[in-house]
Amino acid sequence: MSTETTLTFTLDSDGIALVRLDAPTADTRRAAPHSLQTVIATLQALGENARIAGIVLHACGCDWLEAESAQDWLDLCSLRDAREISGRLLQRSKQLRAVEQLAKPVAIVLENDCLDLCLEFALACHYRVAAGGRKLRLGFPLIQRGLPPSAGATQRLPRIAGIPAALALLLSGHTWDVDTARRAGVLSDAQPTADEAVASARHWLLGHPQPQAPWDAKGYRVPQGAGAMAAHASRSFTDNIASLRKATHDTQPAPPAILSAVYEGTQLPIDAALHIEAQCAAQALADPASANQIRTLWLHADQARQLVRQPQGIEPAAARKLGILGAGLMGAGIAQVAAAAGIDVVLIDSTAERARAALEKLRGSLERQFAGKQGRTDSIVARIDASADMQRLRGCDFVIEAVFEDRSVKADLMRRAAHALGDRPPDFVWASNTSTLPIHGLAGYWELPQQVIGMHFFSPVARMPLLEIITGPATSSTTLARAMDLAARLGKTPILVNDSPGFYTSRIFCAYIDEGMAMLAEGVNPALIENAARQAGFATSPLAVTDEVSLDLQALVINQAMRDGLPEKFQRRAARAVVDRMNQLGRLGRKSGCGFYDYPPDGVKRLWPGLASEFPLLARQPSVDTVRTRLLHMQALEAARCIEESVLTSAADGDIGSILGLGFPAWTGGALSYIDTVGCDTFVKQCDALAELHGERWRPSPWLRERADRRLTFHGRGSTDTPAAARHPA
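Its first residue numbered 241, the sequence shown is counted upward by one per residue in this note's numbering.
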């Protein structure tokens with residue numbers, strides 16, 4: 241074995257070696273985290289040194305250990321052979337096993353968050369101590385991106401904390417704070433400073449010269465029982481299976497893999513258990529759903545947040561003073577996240593009373609969010625100037641309009657705001673939060689159309705990560721760059737969309753709710769429609785979400801499309817009769833107290849029984865699979881049309897938008913990844929079959945047929961986007 245390593249250590253008079261694991265930062269020379277191989281080679285070399293009695297690893301920040309990238313995991317998933325994947329995973333697992341089997345005890349000092357592989361490494365150490373107070377977090381958040389822990393966590397954590405506590409952390413993607421981790425035994429100690437934490441580690445090492453993991457000791461038993469015996473604990477496997485099936489409807493491969501690994505592995509010696517873990521994780525990673533989620537929710541979402549679509553050659557420019565017109569739910573939400581990001585905001589509404597009321601409501605929301613941190617609330621609210629005086633906009637270099645979806649209202653507002661703003665900097669931006677009105681039309685009301693862009697936020701703004709940025713034909717690269725800079729400042733995940741009626745997210749959202757209403761009109765049982773959507777993995781079912789956005793708004797949008805003479809495909813004929821009837825009945829959705837659902841005072845909404853008389857049921861109902869397929873396929877078909885028409889120029893943006901903005905099932909990786917998963921040729925054939933039964937709105941275009949014939953995909957080998965000439969100039 242080579243003892244050469246890039247890590248250095250200091251040795252004290254008691255024979256304790258201190259190794260610093262510095263995380264990469266802007267002021268360090270090292271640009272990358274330490275590799276697992278380097279750290280383990282260092283430990284093995286120290287373990288063979290007769291002068292050394294014990295080893296302290298001082299992890300000085302986050303991400304001190306190099307983990308596999310999203311692309312690394314995608315490459316592994318692409319093998320599709322569970323046995324080969326298992327072999328690869330087991331190699332890394334054996335490396336960590338070597339840490340806890342060293343001839344010298346190993347203690348680790350953690351100064352910052354310890355997540356995923358870093359935590360799996362820490363669990364293999366003999367002693368773990370936190371430094372620096374209570375801010376440190378521990379957990380496995382990558383499960384939320386479809387990736388199960390696979391380097392020993394499913395075996396070591398239950399053996400330390402017991403199965404119920406371990407499953408709570410492994411399955412949720414949430415994190416533990418220092419106190420919780422200490423109670424669970426994951427942290428052996430916690431100290432206020434790094435020096436005191438190192439001292440604690442040294443003291444323990446000197447008192448434990450013979451290292452041994454508890455599970456390597458003769459007679460060891462898993463706390464609270466292993467495998468089936470854990471059913472006597474507070475949270476049994478049965479409980480977890482039931483709650484997981486209710487939440488995921490068996491669409492997620494990672495959580496069942498974790499449950500199986502814990503259930504089977506805890507009944508075996510640790511080395512056999514690590515083999516079980518690798519096999520279970522490999523089965524999950526061989527499932528296309530894992531690659532779909534890793535690609536969209538990790539690789540592509542991170543790239544979007546890093547502004548990969550940012551126009552090149554333009555210096556970053558943060559908004560210095562942001563004007564927001566409209567203090568309703570959306571406008572106030574944008575004001576909140578902007579002020580929280582340190583931006584001075586002018587929030588304008590039609591009256592001073594409405595503006596002040598919005599600010600007080602926002603204050604109340606912040607006080608609930610930052611309970612016990614009044615200073616945080618006060619600092620955010622202090623950055624917001626709420627008023628009805630348009631003259632307060634003077635000096636703003638960026639304005640976002642978030643008023644009612646009516647072209648004439650927006651046009652009048654633009655005229656008045658232009659007068660109030662006076663002289664504006666050359667890189668001024670006017671952004672509209674519209675979700676339906678074409679940007680080129682709104683730009684016609686502004687003196688410099690190149691300064692106009694769409695920025696479609698999603699409600700509630702503080703929680704929803706997506707921001708759909710829409711460029712009109714005249715939008716300049718500078719305007720786009722400034723909009724993307726603001727997206728990054730606000731912590732949003734931006735996607736880039738070209739101008740079109742409904743843009744991208746509204747088009748595929750309408751495709752979803754319209755198909756739900758079309759099935760209702762055909763006589764499909766509304767409970768079947770709603771439950772099939774939930775079983776498919778949609779965040780919300782189509783009739784329920786239509787109630788939330790309101791049926792009078794749907795009528796307004798449909799009528800606007802008809803008045804504007806938009807092409808037939810934008811006039812939503814499949815849903816129009818249902819929307820009209822519900823408006824005639826005055827059942828406008830949750831805001832009116834009734835829609836497709838009733839909203840009784842007890843707060844438990846129920847499907848309206850009267851739907852059966854308004855839309856008589858078919859004598860023979862379709863299968864759940866048929867309804868699921870219609871809901872999934874229709875949105876995916878519309879997403880493909882957006883690629884064909886250059887509304888989207890990136891399949892990645894289409895997938896991110898469908899999941900983060902609209903709650904398309906995560907297991908699919910998004911609407912376009914879903915087509916790849918089904919197979920484009922199969923997808924086209926199934927759409928043709930649906931067209932024969934339900935109309936030409938289902939008919940695939942010649943463009944999509946050609947893709948199917950050529951076996952093209954939207955991602956991976958053979959993937960293509962729109963032709964180069966059709967791409968956004970940025």
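Where is the CB? At the ideal position from N, CA and C, for every residue including glycine.
Worksheet item: When you compare only the Cα positions, how much space is there between C302 and Q546?
Response: The alpha-carbon atoms of C302 and Q546 are separated by roughly 19 Å.
Discussion item. I believe V725 touches P556 by the beta-carbon criterion, under 8 Å. Please report the beta-carbon distance rounded to the nearest angstrom.
Written reply: One point to set straight first is that residue 725 is Asp, not Val, in the sequence displayed. Between P556 and D725 the Cβ distance is about 5 Å, and since that is below 8 Å, they are a contact.
Practice prompt. For P734, name the three-state secondary structure that DSSP assigns.
Written response: Reduced to three states, the DSSP call for P734 is strand.
Discussion item. Taking contact to mean 3 or more Cβ pairs, one atom from each stretch, closer than 8 Å, check whether the stretch 612-628 and the stretch 535-545 are in contact.
Written reply: In this structure the stretch 612-628 does not lie against the stretch 535-545, because fewer than three pairs of beta carbons, one per stretch, are closer than 8 Å.
Worksheet item: Rounded to a whole number of angstroms, what is the C-alpha to C-alpha distance between M802 and L796?
Response: For M802 and L796, the distance between alpha carbons rounds to 10 Å.
Practice prompt. Check the C-beta distance from M871 over to A784 and give it rounded, since I have them as a contact under 8 Å.
Written response: It is worth fixing the name first, because residue 871 is Leu in this sequence and not Met. Actually they are not in contact, since the Cβ atoms of L871 and A784 sit about 13 Å apart, beyond 8 Å.
Worksheet entry | Buried versus exposed call for H659 [16 or more other C-beta atoms within 10 Å across all chains shown] | Label assigned to H659: exposed.
Discussion item. Quick check on this structure: which residue in H274, V577, S590, P766 has the alpha carbon closest to the alpha carbon of Q609?
Written reply: Nearest neighbour of Q609 by Cα position, chosen from H274, V577, S590, P766, turns out to be V577.
Fill in: Spatially closest choice to D584 from I534, S863, L562, by CA coordinates
A check of alpha carbon separations from D584 across I534, S863, L562 identifies L562 as the nearest.
Worksheet item: Taking the Cβ atom as the reference point for each residue, do G763 and L858 lie within a distance shorter than 8 Å?
Response: With a cutoff of 8 Å on beta-carbon distance, G763 and L858 are scored as near each other.
Worksheet item: Hey, how far is the Cα of P689 from the Cα of L793?
Response: Taking the straight line from one Cα to the other gives about 28 Å.
Fill in: Reduced DSSP secondary structure (H/G/I, E/B, other) of H448
Three-state result, H448: coil.
Worksheet item: How big is the Cα-Cα spacing for Q395 and G465?
Response: The C-alpha of G465 is placed about 13 Å away from the C-alpha of Q395.
Worksheet entry | DSSP state of H443 mapped onto helix, strand, coil | Collapsing the DSSP output to three states places H443 in a helix.
Worksheet entry | K845 in three-state terms, based on DSSP | Here K845 sits in coil by DSSP.
Worksheet item: Taking the C-alpha atoms as reference points, what is the distance between S886 and R656?
Response: Rounded to whole angstroms, S886 to R656 spans 34 Å at the Cα level.
Discussion item. Taking contact to mean 3 or more Cβ pairs, one atom from each stretch, closer than 8 Å, check whether the stretch 511-525 and the stretch 326-344 are in contact.
Written reply: In this structure the stretch 511-525 touches the stretch 326-344; the number of beta carbon pairs closer than 8 Å is three or more.
Fill in: Contacting residues, own chain, Cβ-Cβ under 6 Å from V349 (five flanking each side not counted)
H298, V369, A371, A437, V438, A441.
Worksheet entry | Distance, G909 Cα to L537 Cα | Between L537 and G909, the C-alpha separation is close to 7 Å.
Practice prompt. Would you mind working out which of V669, A611, L661 sits nearest F638, comparing C-alpha positions?
Written response: Ranking V669, A611, L661 by Cα distance to F638 puts V669 first.
Worksheet item: Below 8 Å between beta carbons: does that hold for Y712 and I735?
Response: For the sequence presented, residue 712 should be read as Gly rather than Tyr. Their beta carbons are not under 8 Å apart, which means G712 does not touch I735 by this criterion.
Worksheet item: K561 bridges to which residues according to DSSP?
Response: According to DSSP, which records beta bridges pairwise, K561 is partnered with D584.
Worksheet item: Residue ranges of each beta strand (DSSP E) run of no fewer than 3 residues wholly in the stretch 620-698, ordered along the chain?
Response: With a minimum length of 3 residues, the continuous beta strand (DSSP E) runs that stay inside the stretch 620-698 are 624-627, 638-641, 669-672, 692-697.
Practice prompt. Give me the Cβ distance between A772 and R664, rounded to the nearest whole Å; I'm assuming they're in contact under 8 Å.
Written response: Rounded, the Cβ-Cβ distance is 51 Å, inconsistent with contact.
Worksheet item: If you run the structure through DSSP and keep just helix, strand and coil, what is I348?
Response: Three-state DSSP puts I348 in a strand.
Worksheet item: Could you give the distance in angstroms between the alpha-carbon of G467 and the alpha-carbon of Q507?
Response: So the alpha carbons of these two residues sit roughly 6 Å apart.
Item to complete: Using alpha carbons as the reference points, say which of A761, V462, K732 lies closest to A581.
Response: For A581, the nearest C-alpha among the options comes from K732.
Discussion item. Below 8 Å on the Cβ atoms is my contact criterion, and I expect G566 with A642 to pass it. Report the Cβ-Cβ distance as a whole number of Å.
Written reply: Confirmed, Cβ separation roughly 4 Å.
Practice prompt. Report the option in D456, S530, P398, L376 whose CA atom is closest to the CA atom of A342.
Written response: Residue 342 is actually Leu in this sequence, not Ala. Of the candidates D456, S530, P398, L376, the one whose C-alpha sits nearest the C-alpha of L342 is D456.
Practice prompt. Whole angstroms is fine: what's the gap from P849's alpha carbon to D754's?
Written response: Approximately 20 Å between the Cα atoms of the pair.
Practice prompt. Determine, using beta-carbon pairs with one atom in the stretch 871-881 and one in the stretch 746-753, whether at least three such pairs fall under 8 Å.
Written response: Note that the stretch 871-881 touches the stretch 746-753; at least 3 beta-carbon pairs, one per stretch, sit closer than 8 Å.
Worksheet item: Using the C-alpha atoms, what's the distance from R881 back to R945?
Response: Their Cα atoms are separated by approximately 12 Å.
Discussion item. Once the 5 residues before and after G635 are set aside, which same chain residues still bring their CB inside 8 Å of it?
Written reply: Close CB contacts of G635 within its chain, under the 8 Å cut and outside five residues either way in sequence, are with K561 (chain order).
Worksheet entry | Nearest neighbour of V346, chosen from Q452, I574, L407, R632 [CA to CA] | Checking every option, the nearest Cα to that of V346 belongs to Q452.
Worksheet entry | Proximity of L912 and F954 at Cβ, strictly below 8 Å | Cβ distance < 8 Å, so L912 and F954 count as in contact.
Worksheet entry | Neighbourhood of D527 by C-beta distance below 7 Å, restricted to the same chain and skipping five residues each side | Taking C-beta separations shorter than 7 Å and ignoring five residues to either side along the sequence, the partners of D527 in its chain run P493, following chain order.
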